[in-house]
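Take the sequence shown: its position 103, counting from 1, is numbered 317 in the numbering used here, and each next residue is one higher. Backbone N, C-alpha and C fix where the C-beta goes; we use that ideal spot for every residue, glycine too. One structure is given here, and the rest of the page talks about it.
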Amino acid sequence: WIAVYESDPSRPRNAVYRSAQYLANHLAEVPALIFPCISEANGRTPSFSSGASIYPAVQNLMLAATALGLGSVITTFHRRHENEVKKLLGIPNEYTTSCMVPVGWPADGEHFGGSKRRPVSEILHYETW
Numbered sequence: 215w216i217a218v219y220e221s222d223p224s225r226p227r228n229a230v231y232r233s234a235q236y237l238a239n240h241l242a243e244v245p246a247l248i249f250p251c252i253s254e255a256n257g258r259t260p261s262f263s264s265g266a267s268i269y270p271a272v273q274n275l276m277l278a279a280t281a282l283g284l285g286s287v288i289t290t291f292h293r294r295h296e297n298e299v300k301k302l303l304g305i306p307n308e309y310t311t312s313c314m315v316p317v318g319w320p321a322d323g324e325h326f327g328g329s330k331r332r333p334v335s336e337i338l339h340y341e342t343w
């Protein structure tokens, strides 16, 4: 993985905020919202990595959605209101939502392009770095 850390307050962030705001404003239009949950049973304190195995399952769900012509995205912005979401959906207290996956049909005229993958030689080292 490669990541970008951005902390320059002078850099305009409007595009990032617009994207998140657009999703928030249009959630009511999404046909399905999926909330994968992690068990907190057995006295384990939940952490971001304690349920890490759920993310490959989410990826498989999203790949299956794409194969069916559906769009999906993984987001965690609902977690600001975790308790409200759990109450609304009847999720037991011993579970935490790991993410939210809105799933729906692409807008008219929209389609999914092919995946852009880097060559294996750029992401895999043999025997040593």
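*If T289 and C313 are in contact, beta carbons under 8 Å, what's the gap, nearest whole angstrom?*
By 1-based counting over the sequence shown, the position of residue 289 is 75. By 1-based counting over the sequence shown, the position of residue 313 is 99. Sure, about 7 Å apart at Cβ, within 8 Å.
*asked:* Rounding to the nearest angstrom, what Cα-Cα distance links W215 and L338 in this structure?
replied: Your numbering for residue 215 matches position 1 in the sequence shown. Your numbering for residue 338 matches position 124 in the sequence shown. Here W215 scores only 48 on pLDDT, less than 50, and its place in the model should not be relied on; the value that follows carries that caveat. Answer to the nearest angstrom: the Cα atoms are 12 Å apart.
*Taking G318 and G285 to be in contact with their CB atoms under 8 Å, please state how far apart those CB atoms are, rounded to whole angstroms.*
Walking along the sequence shown from the start, residue 318 turns up at place 104. Walking along the sequence shown from the start, residue 285 turns up at place 71. About 6 Å separates the two Cβ atoms, so the contact holds.
_Please classify P316 as buried or exposed, where buried requires at least 16 neighbouring CB atoms within 10 angstroms._
Counted from its first residue, the sequence shown places residue 316 at position 102. Buried, because 16 or more other Cβ atoms sit within 10 Å of the Cβ of P316.
*Do the stretch 302 to 310 and the stretch 245 to 252 meet, that is, are 3 or more Cβ pairs less than 8 Å apart?*
yes
*Could you say which of A321, P333 and Y340 lies nearest to E243 if we only look at CA atoms?*
Sequence index remark: in the sequence shown, residue 243 carries index 29 (1-based). Closest by alpha carbon: A321.
_Counterpart residues of A351 in DSSP-defined beta bridges_ = Missing from the structure shown is residue 351; the chain here goes from 215 to 343 and no further.
_So, at 8 Å on beta carbons, what are the nonlocal neighbours of L237 in its own chain, with the 5 sequence-adjacent residues on each side left out?_
As a first step, residue 237 is located in the sequence shown; it is residue number 23 there, counting from the start. Closer than 8 Å at Cβ, skipping near neighbours: V287, T289, F291 and P316.
*State the start and end residues of the unbroken beta strand (DSSP E) segment that holds I252.*
Looking up residue 252 in the sequence shown gives position 38. Per DSSP, I252 belongs to the beta strand (DSSP E) from C251 to S253.
_N-terminal and C-terminal residue of the beta strand (DSSP E) that V317 is part of_ = As a working mapping, residue 317 is identified with position 103 in the sequence shown. V317 -> beta strand (DSSP E) spans V315 to G318.
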